[in-house]
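Input: a single structure, listed below in structure tokens.
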Ligand code: FES
Ligand code: FES
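Residue numbers (the numbering used here), protein chains in the order written: chain A, 2 to 738; chain B, 59 to 266.
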């Protein structure tokens with residue numbers, strides 16, 4: 002049994018199925034559910050980075066009309082912020098201040114205005130202690146992390162001896178690269194609406210992982226998980242900061258319990274700089290050694306990043322160095338320094354984005370030192386298999402990416418000499434870098450149900466954070482079920498649906514897609530079995546192989562007249578629906594293959610020699626990402642990653658006041674992210690790639706690879722334009738003067 | 059800097075005298091200071107906790123409200139009228155997510171008090187489509203995938219409709235510049251430009 006491939010819905014550039022809801026304002030995000038008797042919560046945040054709350058005076062706040070609760074460590078119910086794994090959460094359990102911006106109180110009032118007014122009236126006196134705020138001042142306290150880096154890898158790795166490899170090198174590059182704290186700033190602020198129904202808790206939460214939120218909230222509040230339901234139908238961007246459950250989520254539930262009313266709590270933009278994670282500051286040493294011909298003899302990538310005083314997050318900057326180039330001697334390491342900051346977290350391509358800035362800048366420096374074209378240098382060190390795991394790639398099209406990207410960009414016209422290309426007074430620079438991101442997959446489940454009216458409903462927990470989950474799952478289900486996409490309703494964003502992983506690590510398409518594919522296929526074969534065994538069916542007696550499914554009908558391959566609609570089969574059997582559930586999980590493939598997406602970034606910058614202003618004027622990115630589920634949404638994902646990379650390269654930088662650790666640019670006027678005028682047209686090439694090994698649907702993740710290599714490509718282009726090598730992000734104009 | 063100027067510009071004309079006065083009064087109150095602030099219009103009471111009757115015209119419908127004078131137009135839409143299509147991204151006039159049309163002109167609804175718009179014709183994202191027929195700008199956004207998460211989208215679309223009304227955009231560079239008050243963290247900018255261009259060109263063709 003096959004659904005005819007000619008009619009495959011997967012791969013088509015379908016418009017988003019949730020597009021209509023999004024352009025008409027009908028799509029409801031977590032702060033937008035009209036719940037009866039809803040009241041408003043606002044958190045109060047610490048204004049010092051370390052110390053104790055000596056006194057907290059809530060009297061004036063309590064006198065504001067409409068105020069129902071001022072919850073502080075003095076009256077908060079006892080809960081355990083460390084329970085349930087994930088992040089350790091300060092939850093008003095003591096008077097300790099661990100970082101600036103820590104939630105130290107929650108005000109609940111009848112209106113948002115009253116809650117805001119009251120929050121401003123809470124008077125706090127601190128016993129302040131000297132905070133640790135600067136990575137450079139505390140490098141001597143760097144330690145080996147207790148935890149693992151992603152994919153359960155130890156923080157350090159060594160193949161061969163880099164010392165030895167450097168000793169034999171004809172040319173060396175040994176440099177330090179630094180990246181600052183960056184904040185995710187999804188356009189939708191973190192928001193939670195908590196509704197208690199007896200001992201059951203319903204949460205509308207802006208989260209990338211409804212099931213993770215359910216587990217964490219239940220554990221912290223000491224509830225059976227089945228009493229907690231999380232809903233998240235639309236999420237206004239995440240980029241990692243909504244991947245963990247943070248303190249405000251639990252605090253909202255606690256406050257709602259206290260006031261015995263549903264509470265909605267939305268963090269203000271300024272409140273998101275601290276308590277909901279950030280990309281940590283890093284300091285990275287890269288050492289490269291090579292022969293005259295450009296063959297790498299040594300590669301070391303040593304990263305140190307910051308974490309909080311009470312929890313651990315490792316920015317795995319050196320992960321890519323383990324697998325990206327062929328080299329006999331590779332060493333990587335990760336160290337952490339504890340500071341009085343909130344706990345950092347995953348931010349779009351955690352590790353790969355910041356790490357590739359260092360490594361791919363160093364490769365460019367090596368190319369200049371050797372006078373070899375940077376693409377050629379990378380080709381000479383092309384890894385034919387994974388040098389760390391010693392496994393073959395499930396597929397790798399990096400050569401094609403270099404080739405097709407370079408051709409589209411016109412790379413061969415590049416004069417490699419710095420400051421050699423100009424347009425009038427403007428300096429022009431062309432730079433490139435390699436992109437890569439691992440292909441992840443986790444267990445996921447789905448239920449597909451075919452209905453007698455010829456439509457189908459497919460359900461799977463999951464989330465759509467802008468990645469197109471609703472759309473691509475509809476497409477996968479359409480092919481699996483043999484139905485047109487319009488006949489399928491795909492539901493997600495609810496812990497009452499089958500369990501799925503967090504939308505992080507670019508794994509949703511692979512994980513949930515595999516489950517949807519299997520559930521759909523299974524539901525269709527169940528239905529077909531009914532027909533094949535039913536004398537009243539025109540398909541009676543045929544085998545499954547003889548039948549194709551198309552547009553809600555089964556028909557015999559050789560005799561299309563023998564056909565029957567799904568609806569007819571179900572009605573004859575007196576069934577309203579037929580359904581199947583699939584629990585899909587990764588198999589042995591990860592032990593047999595190393596699985597990654599690869600790509601090549603090419604960028605043109607224009608630099609004003611007088612002001613140092615850098616503008617990105619042209620971009621070509623070529624990517625091998627396995628099978629495309631939807632050419633339109635995939636293109637958007639890649640563009641989005643690259644735009645995030647432009648921000649990282651040129652403007653994003655969270656600046657802390659050096660004394661109290663308060664973020665001084667905690668808003669969107671001062672924390673710059675790319676705006677429309679900062680972004681040129683972006684040309685994304687998808688290199689044709691079939692990967693039979695990664696997962697049943699042959700897809701690799703696309704949400705994160707777009708940012709990898711982006712910052713380095715820009716920094717390399719700026720070097721080409723100006724002759725100045727900037728090793729400290731962001732690449733602001735002051736660094737070029 | 060260029061960037062900052064660009065982002066703030068949309069907000070600037072929305073802050074009129076009244077807002078400044080009421081805001082100052084509120085800030086002082088919130089900070090526990092006692093200097094009373096004389097409101098510039100007698101109808102606005104000094105006490106932020108007193109209520110006034112406000113009648114608004116939103117998407118062609120009359121809305122009667124009893125609100126405190128300090129309530130922003132954005133919070134009226136989202137919290138009082140369940141018109142949640144208009145989004146709050148920053149509440150400070152820095153992101154454009156809350157853009158609505160007032161008498162055809164785009165403004166940041168977070169930077170303006172509802173009470174200032176009595177008698178004005180307010181259009182939100184919910185008021186653009188005609189029944190099931192999308193406004194051409196909405197249709198172009200869908201066709202060109204000019205969004206991902208969709209959170210900035212109502213603001214982008216209202217802003218783009220305002221841009222077309224203004225009639226200044228002649229080129230892609232103009233569109234980029236004039237749409238730079240609306241941040242899209244998903245980075246849908248190139249597709250937004252395509253969508254807006256298509257509507258502008260369609261309009262030109264229609265006019266010929
Ligand atoms: S500009 Fe109004 S919410 Fe951001
Ligand atoms: S679509 Fe997500 S912020 Fe624009």
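Note that CB positions come from ideal geometry on N, CA and C, so glycine has one too.
What residue does the beta strand (DSSP E) around residue 335 of chain A start on, and which one ends it? In this chain, the beta strand (DSSP E) harbouring residue 335 of chain A covers 331-340.
Using a Cβ-Cβ cut-off of 6 Å (strictly less than) and excluding sequence neighbours within five positions of residue 500 of chain A, which residues of its own chain qualify? Within the same chain, residue 500 of chain A has close Cβ partners 212, 446 and 462.
Per the DSSP calculation, residue 265 of chain A is bridged to which residue(s)? Residue 265 of chain A is bridged by DSSP to A/41 and A/194.
Could you pull the start and end residues of the alpha helix (DSSP H) that residue 645 of chain A belongs to? 632-651 is the extent of the alpha helix (DSSP H) around residue 645 of chain A.
Thinking C-alpha only, which one of B/134, B/107 and B/254 is nearest residue 171 of chain B? If you compare the alpha carbons of B/134, B/107 and B/254 with that of residue 171 of chain B, the shortest gap goes to B/134.
Is any non-hydrogen atom of ligand 1 found closer than 8 Å to the C-beta of residue 48 of chain B, if you look at the structure I gave you? No answer is possible for residue 48 of chain B: it lies beyond the span of chain B, which begins at 59 and ends at 266.
What does a CB cutoff of less than 6 Å around residue 286 of chain A pick up in its chain, not counting 5 residues either side in sequence? Cβ contact annotation for residue 286 of chain A (same chain, cutoff 6 Å, sequence separation greater than five): 177 and 303, in chain order.
Let me see if you follow: with CB-CB separation under 9 Å, is residue 23 of chain A close to chain B or not? With respect to chain B, the C-beta atom of residue 23 of chain A has a partner C-beta closer than 9 Å.
Using 9 Å as the limit for Cβ to Cβ distance, is residue 179 of chain B near chain A? False, the Cβ-Cβ gap to chain A never drops below 9 Å.
Using the DSSP secondary-structure output, state which residues sit across from residue 671 of chain A in a beta bridge. Its beta-bridge partners do not exist; DSSP assigns none.
Within the stretch 370-395 of chain A, note down every full alpha helix (DSSP H) run reaching 4 residues or more, in order along the chain. Complete alpha helix (DSSP H) runs here, min 4: 375-381.
So is residue 15 of chain B in contact with chain A if we call contact Cβ pairs under 9 Å? Residue 15 of chain B lies beyond the stretch modelled for chain B, which goes from 59 to 266, so this question has no answer here.
Would you mind sorting residue 544 of chain A into buried or exposed? The rule is 16 or more other CB atoms within 10 Å of its CB. So residue 544 of chain A counts as exposed.
Can you confirm whether residue 59 of chain A, when its beta carbon is compared against all beta carbons of chain B, has any partner nearer than 9 Å? No - not a single Cβ of chain B is within 9 Å of the one on residue 59 of chain A.
With residue 377 of chain A and residue 435 of chain A assumed to form a contact (beta carbons below 8 Å), what rounded beta-carbon distance in angstroms separates them? Contact between residue 377 of chain A and residue 435 of chain A fails: their C-beta atoms lie close to 13 Å from each other, not under 8 Å.
Should residue 206 of chain B be listed as close to ligand 2, given that the test is whether its C-beta is under 8 Å from any heavy atom? Yes, Cβ of residue 206 of chain B sits closer than 8 Å to a heavy atom of ligand 2.
Taking C-beta pairs closer than 7 Å, name the residues in chain A that residue 122 of chain B reaches, listed in chain order. What residue 122 of chain B touches in chain A: nothing, since even the nearest Cβ is about 17 Å away.
For the alpha helix (DSSP H) that residue 20 of chain A lies in, which residues bound it at each end? 20-25 is the extent of the alpha helix (DSSP H) around residue 20 of chain A.
Using 10 angstroms around the beta-carbon of residue 628 of chain A, count the other beta-carbons present and answer buried if the total reaches 16, otherwise exposed. That one is buried.
Nearest-angstrom Cα separation, counted from residue 641 of chain A out to residue 702 of chain A: Between the alpha carbons of residue 702 of chain A and residue 641 of chain A lies a distance of about 14 Å.
With contact counted as at least three CB pairs below 8 Å, one residue from each stretch, are the stretch 216-236 of chain B and the stretch 613-629 of chain A in contact? The stretch 216-236 of chain B vs the stretch 613-629 of chain A: no contact.
Tell me which residues of the stretch 146-178 of chain B have at least one Cβ-Cβ distance to chain A shorter than 8 Å, keeping chain order. With the criterion set as a beta carbon lying under 8 Å from some beta carbon of chain A, the members of the stretch 146-178 of chain B are 146, 147, 148, 149, 150, 152, 153 and 155, in sequence order.
By DSSP's criteria, residue 412 of chain A is part of a beta bridge. Which residues make up the other side? Its beta-bridge partners do not exist; DSSP assigns none.
Going by the C-beta, is residue 151 of chain B closer than 8 Å to any heavy atom of ligand 1? Yes, Cβ of residue 151 of chain B sits closer than 8 Å to a heavy atom of ligand 1.
Nearest residue (CA-CA) to residue 770 of chain A, options A/16, A/738 and A/353: Past the edges of chain A, shown from 2 to 738, lies residue 770 of chain A, and the structure says nothing about it.
Closest residue to residue 149 of chain A among A/716, A/656 and A/313 (Cα-Cα distance): Between residue 149 of chain A and the set A/716, A/656 and A/313, the nearest pair of CA atoms involves A/313.
Under 9 Å, Cβ to Cβ, is there at least one residue of chain B near residue 334 of chain A? Not an interface residue.
Hey, would you say the C-beta of residue 147 of chain B is under 8 Å away from at least one heavy atom of ligand 1? Yes, ligand 1 has a heavy atom inside 8 Å of this Cβ.
Chain A within 9 Å of residue 212 of chain B, Cβ atoms only: At least one CB of chain A lies nearer than 9 Å to the CB of residue 212 of chain B.
Under 8 Å: does the beta carbon of residue 187 of chain A sit that close to some heavy atom of ligand 2? Residue 187 of chain A has its Cβ nearer than 8 Å to a heavy atom of ligand 2.
Sub-9 Å separation of residue 291 of chain A and residue 371 of chain A beta-carbons: Closer than 9 Å, so yes.
Return the CA-CA distance between residue 533 of chain A and residue 542 of chain A, expressed in angstroms with no decimal places. Within the model, the alpha-carbon separation for residue 533 of chain A versus residue 542 of chain A is close to 6 Å.
Taking 9 Å as the CB-CB cut-off, is residue 220 of chain B touching chain A? The beta-carbon of residue 220 of chain B is placed no less than 9 Å from the nearest beta-carbon of chain A.
So, do the stretch 720-735 of chain A and the stretch 409-423 of chain A have three or more beta carbon pairs nearer to each other than 8 Å? Enough Cβ pairs lie closer than 8 Å, so yes.
Opposing strand residues paired with residue 578 of chain A [DSSP bridges]: Looking at the DSSP assignment, residue 578 of chain A forms a beta bridge with A/452.
Any beta carbon of chain B sitting closer than 9 Å to that of residue 542 of chain A? No - not a single Cβ of chain B is within 9 Å of the one on residue 542 of chain A.
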